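Working notes, beginning with the structure itself.
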Amino acid sequence: MKQCMTSQAYDLSQGQRGAVIANNGKTRITTWLDDEVLELFRQRAEAEGIGYQTLVNQTLRASLSPQPMIDETVLRRVIREEMQAVKVAA
34 MKQCMTSQAY
44 DLSQGQRGAV
54 IANNGKTRIT
64 TWLDDEVLEL
74 FRQRAEAEGI
84 GYQTLVNQTL
94 RASLSPQPMI
104 DETVLRRVIR
114 EEMQAVKVAA
């Protein structure tokens with residue numbers, strides 16, 4: 034006859050509820066995205082050989098990082114360089 038193991042056979046005093054695998058600094062969320070947006074992320078992620086969730090995370094991170102401001106001097110220099118390139122090509 035097969036014996037059933039009961040809770041007496043296990044010491045659960047040190048047990049913890051929740052995920053067995055600890056997270057690695059990421060949190061699972063549920064969110065709603067437009068179908069078109071999700072499809073574009075999937076296409077780009079596939080082209081780059083990464084997961085679309087990774088690409089979404091990278092995109093969000095990049096959008097939150099401080100962007101250097103372009104001052105007037107830099108803008109004028111870029112315009113001059115581009116105008117010169119157009120003149121040379123013509």
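If you're matching positions, the sequence shown starts at 34 in my numbering and goes up one per residue.
Every residue, glycine too, gets a C-beta built ideally from N, C-alpha and C.
Owing to the predicted nature of the structure, the values given are computational and were not obtained by experimental measurement.
Using a C-beta cut-off of 8 Å, the region 59-74 makes contact with the region 82-91, since at least three inter-stretch Cβ pairs fall below that distance. Annotation for residue 75: the continuous alpha helix (DSSP H) segment containing it runs 68-81. Residue 95 sits away from residue 85, with the two beta carbons spaced by 9 Å or more. For residue 110, the enclosing alpha helix (DSSP H) has its first and last residue at 105-122. DSSP places residue 42 in no alpha helix (DSSP H); its state is neither H nor E.
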